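All remarks here apply to the structure that follows.
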Amino acid sequence: MIVGVPTETVDGERRVALVPDAVKAAIATGVEVWVEAGAGREAGFHDDAYAAAGARLVTDASEVWRADLVLKVQPPAALAGGGHEVDLLREGAALIGFLRPLDEPDLARRLAARRVTAFSMELMPRITRAQSMDALSSMSTIAGYRAVTLAAVALPKIFPMLVTAAGTLQPARVFVIGAGVAGLQAIATARRLGAVVEAYDTRPAVKEQVESLGARFVELDLDTGDAEDAGGYAKAQSDDFYERQREELGKRLRGSDVVITTALVPGQRAPLLIDEAAVKGMRSGSVIVDLAAEQQGNCACTDPEREVVVHDVHIIPGLNLPSQIPANASQMYAKNLTTFLKHLAPEGELVIDLEDEITRGALMTHEGSIVNDRVKALAEGEGG
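In the working numbering, the protein residues as written are -9 to 374.
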């Protein structure tokens, strides 16, 4: 089986699906790996390293796309000269990558029409056996770290408390909203930098994790009895809940120097947690990093296209933050992919075992059909 790794073409994307060490791991399973020349350059991995790892370097992108299995970071996209990357896949080929299944159901229709067997890394089941394949968690870890470092640069004060001959500098106060993987990494990073950290989540079960990182867990006077889904993610709540939540959070924000928001609900608009009145009530020079900017943001003042200053508060849209640390993000993602590849092709050939929970869970399209029920419902709804 030939595995192809094309260069990512989406603007600003610097990651690569496989790093040289991962190429070695893939070849050890019995596959042949083709890498488009220059595919890893933006992440700091050069062609000679891929060649040394055993990959075949290919200069023609269309040839890489004709592989039996194509590994991607971003979903296939429209081509600059017309057409679509999906059309470069041969019929019956396989594809693994982030495919935005609940946000771009039209892509699922395209892949099904091409009879592509497509696995979406977003659909990877959250079970113990699949932890090493959980690319969403890997990338969220990078995003949480990066969000804090961006805030530290933008904030007009330092994070740690310092006692100097010129006086004592008080530590920055950081408030993290959402204690999933990204939020927990943001908490840990802010604490390492010396900030005083508080965190809030609708799921009371995460309180122990927050406190284990040295942060204070904030509890609001709200009913959160049904706040977590079967996969461990926060569930969407009612409009009335969010309205009362915004009021309570607004009070907390007044004493914060940095606010990092991480609340996302797959396939839906991100919950609005911070209204303009809350932004106006924050300290001058404060910073908000909105990790939900891609889904319209947790803050009413977030501009997904650019950083803005509103009421003297610096608001940063946290778009594709893993791509800003492409070397480590690529290493982690490549490990997720090669582990999944070993699961799907233990002897060097793809085996589609629909009885296996991991295979079935991540599978989006197969044999000309959309096989994931949620994606299928969305695709059929949009398709009329």
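Don't be surprised by glycine CBs; every beta carbon is placed ideally from N, CA and C.
Here the structure is a predicted model, which is why all the values come from computation and not from measurement.
Rounded to whole angstroms, what is the Cα-Cα separation between residue 189 and residue 69? Reading the sequence shown from its first residue, position 199 is the one you call residue 189. Reading the sequence shown from its first residue, position 79 is the one you call residue 69. For residue 189 and residue 69, the distance between alpha carbons rounds to 42 Å.
Proximal residues to residue -3 (C-beta, below 7 Å), its chain only, five neighbours per side dropped: Along the sequence shown, read from residue 1 onward, the residue named residue -3 stands at position 7. Correct list, in chain order: 26, 28, 29, 51.
So what does DSSP say about residue 276, is it helix, strand or coil? Walking along the sequence shown from the start, residue 276 turns up at place 286. Coil at residue 276, not helix or strand.
Taking only beta-carbon atoms, is residue 272 less than 8 Å away from chain C? Looking at the structure shown, chain C is missing, and only one protein chain is on hand.
How many whole angstroms separate the CB atoms of residue 187 and residue 166, which I take to be in contact at a CB cut-off of 8 Å? Along the sequence shown, read from residue 1 onward, the residue named residue 187 stands at position 197. Along the sequence shown, read from residue 1 onward, the residue named residue 166 stands at position 176. Sure, about 7 Å apart at Cβ, within 8 Å.
Roughly how many whole angstroms lie between the Cα atoms of residue 257 and residue 292? Numbered from 1 along the sequence shown, position 267 holds the residue referred to as residue 257. Numbered from 1 along the sequence shown, position 302 holds the residue referred to as residue 292. So the two alpha carbons sit approximately 19 Å from each other.
Taking three-plus beta-carbon pairs below 8 Å as touching, is the stretch 247 to 265 in contact with the stretch 163 to 177? yes
Could you check where the beta strand (DSSP E) with residue 74 kicks off and where it finishes? Taking the first residue of the sequence shown as 1, we reach residue 74 at position 84. Segment: none, residue 74 is in no beta strand (DSSP E) and carries neither H nor E.
Check whether the Cβ atoms of residue 348 and residue 115 sit closer than 8 Å, and answer yes or no. The residue you call residue 348 lines up with position 358 of the sequence shown. The residue you call residue 115 lines up with position 125 of the sequence shown. With respect to the 8 Å criterion, residue 348 and residue 115 are classified as neighbours on the basis of their beta carbons.
Could you pull out every unbroken alpha helix (DSSP H) segment of at least 4 residues lying fully inside the stretch 334 to 368, listed in chain order? 347 to 352
May I ask you to list the residues that DSSP assigns as paired with residue 167? Position 177 of the sequence shown, counting from 1, holds the residue named residue 167. Paired residues: 190, 251.
Figure out for me which residue from 212, 211, 173, 228 has the closest Cα to the Cα of residue 201. Residue 201 sits at position 211 when you count from the first residue of the sequence shown. Ranking the options by Cα distance to residue 201, first place goes to 173.
For the ligand MN, any of its heavy atoms closer than 7 Å to the Cβ of residue 264? Although the ligand MN was asked about, the structure shown includes no ligands whatsoever.
Using a Cβ-Cβ cut-off of 8 Å (strictly less than) and excluding sequence neighbours within five positions of residue 336, which residues of its own chain qualify? Looking up residue 336 in the sequence shown gives position 346. Correct list, in chain order: 19.
Of all the options 245, 191, 181, which has the alpha carbon lying nearest to the alpha carbon of residue 204? Taking the first residue of the sequence shown as position 1, residue 204 is located at position 214. That would be 181, whose Cα lies nearest to the Cα of residue 204.
Is it buried or exposed for residue 194, if we count other Cβ within 10 angstroms and need 16 for buried? Taking the sequence shown and counting its residues from 1, the one referred to as residue 194 is at position 204. It counts as exposed.
In whole angstroms, what separates the C-alpha of residue 301 from that of residue 112? In the sequence shown, residue 301 corresponds to position 311, counting from 1. In the sequence shown, residue 112 corresponds to position 122, counting from 1. Near 36 Å, if we compare the C-alpha coordinates of residue 112 and residue 301.
Are the CB atoms of residue 282 and residue 264 within a distance shorter than 8 Å? Walking along the sequence shown from the start, residue 264 turns up at place 274. Walking along the sequence shown from the start, residue 282 turns up at place 292. No, Cβ-Cβ distance for residue 264 and residue 282 is not below 8 Å.
Residue range of the unbroken beta strand (DSSP E) whose run includes residue 108: Start at 1 with the first residue of the sequence shown, and residue 108 comes out as number 118. Boundaries of the beta strand (DSSP E) around residue 108: 107 to 110.
Three or more C-beta pairs under 8 Å: does that hold for the stretch 126 to 137 against the stretch 147 to 164? no
Same chain, Cβ closer than 8 Å to residue 238, neighbours up to 5 away in sequence not counted: Sequence index remark: in the sequence shown, residue 238 carries index 248 (1-based). Residues 210, 211, 212 of the same chain have their beta carbon placed closer than 8 Å to that of residue 238, with the five preceding and five following residues left out of the count.
Give the single residue among 90, 152, 246 whose Cα lies nearest to the Cα of residue 304. The residue given as residue 304 occupies position 314 in the sequence shown. Taking residue 304 as reference, the option from 90, 152, 246 with the minimal CA-CA separation is 246.
Going straight from the alpha carbon of residue 97 to that of residue 146, what length do you get? Working through the sequence shown from its first residue, we reach residue 97 at position 107. Working through the sequence shown from its first residue, we reach residue 146 at position 156. Distance between the alpha carbons of residue 97 and residue 146: 43 Å.
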